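What follows is the structure, given as structure tokens:
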């Protein structure tokens, strides 16, 4: 059993912690439980270090409308499960509610000339990057743009933000790649990337080749306590078998 003693002082910084991200057409699974427990673990550490924390749940009710899978998520029941896993959401955000802000930011990026229509297919992209913003053929905003809008809202409410994500989304795509595109967008919206820390957890049996790219790093002065703590957890979990097979990674993006 690990025991920690924390100094009795308060920091004047608030950290938004997002965990348990779910689609309305997705069944609750062990990854949601593990993500919630990681969020709870980090939240407890941060509060012990004197930070104020606020827990956010992000529900994707936008992308499922473009798919044939039935949307059967019982949100109240899921929120109860999250609370039982130690991560009680203080605020629940819905992806559909970000569409208005996404439209506003799309127009801003087009006006500044950093984005435009791709010749093939007509999609709107950030020039010189892999970040797609909008597909007029489907009247659909990209996950990367909507997530960038969520980060903007988080940083309006807090000084820093942590996003707890599984290695893969429900479609088998790497969240790491999606977050890279989100950061490419944020780099044009005057956002300090050091205030955002995506944290990935790998379930037993998941060994993506990109795993080696997920490293612990942060600029000095930005959540240094958390990074130190994560390094400690990484060392402990590599030496001590845990039931969850917890394996964390934090990525500091440089754009």
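In my numbering, the protein residues as written are 213 to 467.
Every residue, glycine too, gets a C-beta built ideally from N, C-alpha and C.
Since this is a predicted model, take the numbers as computed values, not measurements.
Beta-bridge pairing of residue i - partner residues as DSSP gives them
| i | result |
| --- | --- |
| residue 408 | 373 |
| residue 327 | 338 |
| residue 471 | This structure leaves residue 471 out entirely; the chain is present only between 213 and 467. |
| residue 353 | 346 |
| residue 286 | According to DSSP, which records beta bridges pairwise, residue 286 is partnered with nothing at all. |
| residue 304 | 269 |
Distance, residue j Cα to residue i Cα
| i | j | result |
| --- | --- | --- |
| residue 224 | residue 265 | 11 Å |
| residue 315 | residue 273 | 17 Å |
| residue 269 | residue 346 | 24 Å |
| residue 299 | residue 328 | 40 Å |
| residue 287 | residue 261 | 32 Å |
| residue 193 | residue 231 | The structure shown does not extend to residue 193, since the chain spans only 213 to 467, so no value can be given for it. |
| residue 226 | residue 332 | 44 Å |
| residue 383 | residue 238 | 11 Å |
| residue 283 | residue 251 | 25 Å |
| residue 276 | residue 263 | 35 Å |
| residue 257 | residue 334 | 47 Å |
Option nearest residue i by Cα separation, candidates the options
| i | options | result |
| --- | --- | --- |
| residue 380 | 277, 289, 412 and 285 | 412 |
| residue 248 | 287, 376, 335 and 363 | 376 |
| residue 349 | 409, 278 and 230 | 278 |
| residue 366 | 303, 260 and 262 | 303 |
| residue 290 | 353, 236, 343 and 312 | 236 |
Within 8 Å, strictly: CB atoms of residue i and residue j
| i | j | result |
| --- | --- | --- |
| residue 373 | residue 228 | yes |
| residue 355 | residue 390 | yes |
| residue 326 | residue 233 | no |
| residue 471 | residue 403 | The structure shown does not extend to residue 471, since the chain is modelled only from 213 to 467, so the question has no answer here. |
| residue 358 | residue 307 | yes |
| said: Which runs of the beta strand (DSSP E) at least 3 residues long sit entirely within the stretch 356–400? Give them in chain order. | reply: 372–378
| query | Going along the chain, which unbroken runs of the beta strand (DSSP E) with 3 or more residues stay wholly within the stretch 221–266? | reply | 226–230
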